[in-house]
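**Q**
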Amino acid sequence: MIREFALKGAAAVISMTLCVTSAAAEKTSFIAGTAPSARPPEAPEITVFTPAPEWREQAQHGVAQPYPPSLSWLDDQGAWFTPFIHPGMTGPYDIRGWHSPQ
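Quick note on the numbering used here: the sequence shown kicks off at 376 and runs consecutively.
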């Protein structure tokens, strides 16, 4: 019985070693998250963001005019994602009327 466990253990160690060495031998592509401060050279870059009129209309959906100065951040938003310009929760939490019939 001890011999059986020893053989299984040795086989497990050998197979893990082979997996690690074969994986290390392959050239891996960029994996996001392993170096969060690094960006792959072939990644696309947004150099100019010109929002369409529909973008601003959607961003100001449910906000009454005159628009408050606190929305001035929309001028500098750029192409960054913001949940502010997308429908959120329904029911009593839908204060901007995203889910109400129009």
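In this text, a Cβ means the ideal position worked out from N, Cα and C, and glycines have one as well.
Candidates Ser-404, Ile-389, Pro-426 and Gln-452: which alpha carbon is nearest Ala-418's?
**A** Counted from its first residue, the sequence shown places residue 418 at position 43. It is Ser-404 whose Cα lies nearest to the Cα of Ala-418.
**Q** On a Cα-Cα basis, can you pick out the residue from Ala-454, Gly-466 and His-461 that is closest to Thr-425?
**A** Translated into positions along the sequence shown, residue 425 becomes position 50. For Thr-425, the nearest C-alpha among the options comes from Ala-454.
**Q** Since Gly-466 and Trp-473 should fall inside the 8 angstroms C-beta cutoff, what is the C-beta to C-beta distance between them, to a whole number of angstroms?
**A** In the sequence shown, counting from the first residue as 1, residue 466 sits at position 91. In the sequence shown, counting from the first residue as 1, residue 473 sits at position 98. Actually they do not touch by this definition, with Cβ atoms about 11 angstroms apart.
**Q** With H, G and I counted as helix, E and B as strand and the rest as coil, what does DSSP make of Ile-421?
**A** Position 46 of the sequence shown, counting from 1, holds the residue named residue 421. Coil, per DSSP.
**Q** Go ahead and pull the three-state DSSP assignment for Ala-434.
**A** The sequence position of residue 434 within the sequence shown is 59, counting from 1. It is helical.
**Q** By the three-class DSSP mapping on this structure, what secondary structure does Tyr-468 have?
**A** Stepping through the sequence shown from its first residue, residue 468 is reached at position 93. Reduced to three states, the DSSP call for Tyr-468 is helix.
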